[in-house]
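Below is one structure, written out as structure tokens; the observations come after it.
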Amino acid sequence: MAEMRSSIVLTVFSTASGIGKTLVAINIAAELARLNHSVCLLDLDLQFGDVCNYLKLTPTRTISDAQSALDNNQFRAEEFLTPYSHGRTTFYVMAPPKTLLESYNIQSATVERLVAELNHFDFIVFDTPKIFSDLNLTVLDVSTIITFLCVADFVPAIKNLKTGYDTLHKFNYEDNKFRLVQNRSDSQKLILTKDVEQVLGKQFYHNLPNDYASARRSIERGCPLVLDDNSTALTESLRELVARYTNRNTGAVEAEAQSKGIFSWLKGLFGGR
Numbered sequence: 007m008a009e010m011r012s013s014i015v016l017t018v019f020s021t022a023s024g025i026g027k028t029l030v031a032i033n034i035a036a037e038l039a040r041l042n043h044s045v046c047l048l049d050l051d052l053q054f055g056d057v058c059n060y061l062k063l064t065p066t067r068t069i070s071d072a073q074s075a076l077d078n079n080q081f082r083a084e085e086f087l088t089p090y091s092h093g094r095t096t097f098y099v100m101a102p103p104k105t106l107l108e109s110y111n112i113q114s115a116t117v118e119r120l121v122a123e124l125n126h127f128d129f130i131v132f133d134t135p136k137i138f139s140d141l142n143l144t145v146l147d148v149s150t151i152i153t154f155l156c157v158a159d160f161v162p163a164i165k166n167l168k169t170g171y172d173t174l175h176k177f178n179y180e181d182n183k184f185r186l187v188q189n190r191s192d193s194q195k196l197i198l199t200k201d202v203e204q205v206l207g208k209q210f211y212h213n214l215p216n217d218y219a220s221a222r223r224s225i226e227r228g229c230p231l232v233l234d235d236n237s238t239a240l241t242e243s244l245r246e247l248v249a250r251y252t253n254r255n256t257g258a259v260e261a262e263a264q265s266k267g268i269f270s271w272l273k274g275l276f277g278g279r
């Protein structure tokens with residue numbers, strides 16, 4: 007199904023918790039919408055997703071309901087998406103299941119079916135949990151661009167980053183599909199960015215500055231940073247990242263044909279198809 011899609015699929019992935027993954031995914035979606043693209047944001051952190059909490063949304067239907075509708079050939083996208091609007095900007099959110107039991111029943115094949123059903127959107131953005139599961143590997147497989155987000159502030163985080171990077175890198179990713187993005191890049195830390203890049207053997211594609219106060223305010227207000235009237239360095243850096251992804255600065259969305267079959271054998275390790 008991935009070959010049939012017309013949407014550009016942007017996935018935010020990480021191997022660590024608490025590093026701003028959901029905030030980045032929300033702002034990518036919001037900035038794309040601000041630029042007049044049609045956007046759907048799917049929260050695939052099925053057990054502990056926070057997209058709706060961050061945006062102050064109360065969805066009536068979730069991905070669990072969408073899966074049931076797909077199974078019964080009764081899926082109509084607008085019935086399972088919750089709109090988020092701020093000013094003149096609107097994008098759509100598909101919420102995670104409401105219960106843990108429902109989260110265990112979401113199938114990886116549902117991701118492929120949703121990408122096909124939602125292909126009328128210009129962009130589909132996935133927020134994902136920090137695990138290598140069959141479902142996550144399916145998401146990465148259908149992605150046009152993977153934002154691998156990290157915070158290189160202490161040794162365990164760098165270990166997880168290196169492990170995750172090596173796991174993905176061994177599948178001969180083209181550089182245009184897989185992007186290392188460092189969050190809180192200018193925060194005080196004992197480990198220098200250049201040392202982390204040396205360990206990884208790759209430079210960070212983009213560096214987001216640290217701004218805990220603005221991030222907290224954004225969550226408290228339910229307003230993405232890129233839609234806030236009070237622009238900050240973090241706001242501008244998020245906009246620059248999206249500009250790179252949309253070919254407005256450097257030319258980035260060239261990986262559509264490179265997203266096929268990379269994970270097929272690894273999926274077998276997790277009970278995949």
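In the working numbering, the protein residues as written are 7 to 279.
Just so it is clear, CB atoms sit at the ideal spot from N, CA and C, and this is done for glycine as well.
All of these numbers come straight from a predicted model, not from anything done at the bench.
Let me confirm a value: residue i is counted as buried when at least 16 other C-beta atoms fall within 10 Å, else exposed. Which label applies?
i    : result
T169 : exposed
G93  : exposed
D172 : exposed
L106 : exposed
N253 : exposed
R11  : Legend: pLDDT at R11 = 46, less than 50; position of this residue unreliable, no value from coordinates given.
L198 : exposed
K62  : exposed
D192 : exposed
P162 : exposed
Y110 : exposed
S91  : exposed
E180 : exposed
T54  : Residue identity check: residue 54 is Phe in the sequence provided, not Thr. Under this definition F54 is an exposed residue.
Q209 : exposed
I137 : exposed
A219 : exposed
Hey, could you find the ends of the beta strand (DSSP E) residue i is sitting in?
i    : result
C156 : 151–156
L174 : Looking at the DSSP string, L174 is not in any beta strand (DSSP E); the run it does join, the alpha helix (DSSP H), is 161–175.
I14  : 14–19
Y90  : 88–92
C46  : 45–49
What residue range does the alpha helix (DSSP H) around residue i cover?
i    : result
I34  : 27–40
Q73  : 69–77
Q204 : 199–206
Y98  : Per DSSP, Y98 belongs to no alpha helix (DSSP H); it is in the beta strand (DSSP E), 95–100.
L61  : 57–61
So what does DSSP say about residue i, is it helix, strand or coil?
i    : result
S6   : Absent from the structure is residue 6, since the part of the chain shown begins at 7 and ends at 279.
I112 : coil
I268 : Because I268 sits at a pLDDT of 38, beneath the cut-off of 50, its placement in the model cannot be relied upon, and the following sentence gives the value as read from the coordinates. Coil, per DSSP.
R185 : strand
N216 : coil
L124 : coil
S23  : coil
I137 : coil
T144 : helix
Cutting at 7 angstroms between CB atoms, please list the residues of its own chain near residue i, excluding the five before and the five after it.
i    : result
T28  : D56, V57, Y60, D133
V202 : A158, I164
F127 : S13, S44, V45, C46
R245 : E37, V232
P230 : I32, N33, A36, S224
So residue i packs on residue j, CB below 8 angstroms; how close in whole Å?
i    : j    : result
R190 : I152 : About 20 angstroms; that fails the 8 angstroms criterion.
P103 : T88  : 14 angstroms between Cβ atoms; not a contact.
V18  : L155 : 6 angstroms
T34  : L52  : The sequence shown places Ile at residue 34, rather than the Thr named in the question. I34 to L52, Cβ: 20 angstroms. No contact.
D235 : S224 : So it is not a contact: roughly 12 angstroms between Cβ atoms.
I130 : L247 : Their Cβ separation, rounded to whole angstroms, is 17 angstroms, which puts I130 and L247 out of contact at 8 angstroms.
Residues in its own chain within less than 8 angstroms of residue i by CB, not counting five upstream and five downstream?
i    : result
L174 : L146, I152, F154, F184
T68  : F86, M100, A101, P102, P103, K104, E108
A39  : V45, T95, T96, F97
E123 : L76, F81, A83
Going by beta carbon distance, what residues of the same chain come within less than 6 angstroms of residue i, once the five residues before and after it are set aside?
i    : result
G26  : N189
G228 : L61, K62
H212 : V187, L247
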